[in-house]
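The sequence shown maps to residues 2 to 85 in this note's numbering. Backbone N, C-alpha and C fix where the C-beta goes; we use that ideal spot for every residue, glycine too.
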Amino acid sequence: MSDSKILIHQRGLAKASLTRLETFLGRVHEVTEPGMIKVKYERLESIQMKYEESQVQLEMIADEDHSEDRIEFEERYDRVKSRF
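The structure is reproduced here in structure tokens:
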């Protein structure tokens, strides 16, 4: 597997984690464990860091423009963070 494909896969894992948080927030009213919201919120920064690591490396080595993906992720990330 090429470096670009590995980085795209790693970036995708971070995006999937963000999607799971979006899903969680959609059903937060069902949460019965008081600390769960805090735990999920604390995971948010880690997701952003993992995405950023992969994205920066990808932008450095790839011939294609990946800026649209960054814009989309940042907008989703900000929406999710504001919902906490």
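In the three-state scheme derived from DSSP, where H, G and I count as helix and E and B as strand, residue 21 is classed as helix. Counting along the chain, residue 2 sits inside no alpha helix (DSSP H), nor does DSSP assign it H or E at all.
Distance from the Cα of residue 73 is smallest, within the candidate group 20, 58, 85, for 20. Here residue 13 carries a helix assignment [DSSP, helix/strand/coil]. Taking the Cα of residue 8 as reference, the smallest distance to any Cα among 77, 35, 37, 70 is reached at 70.
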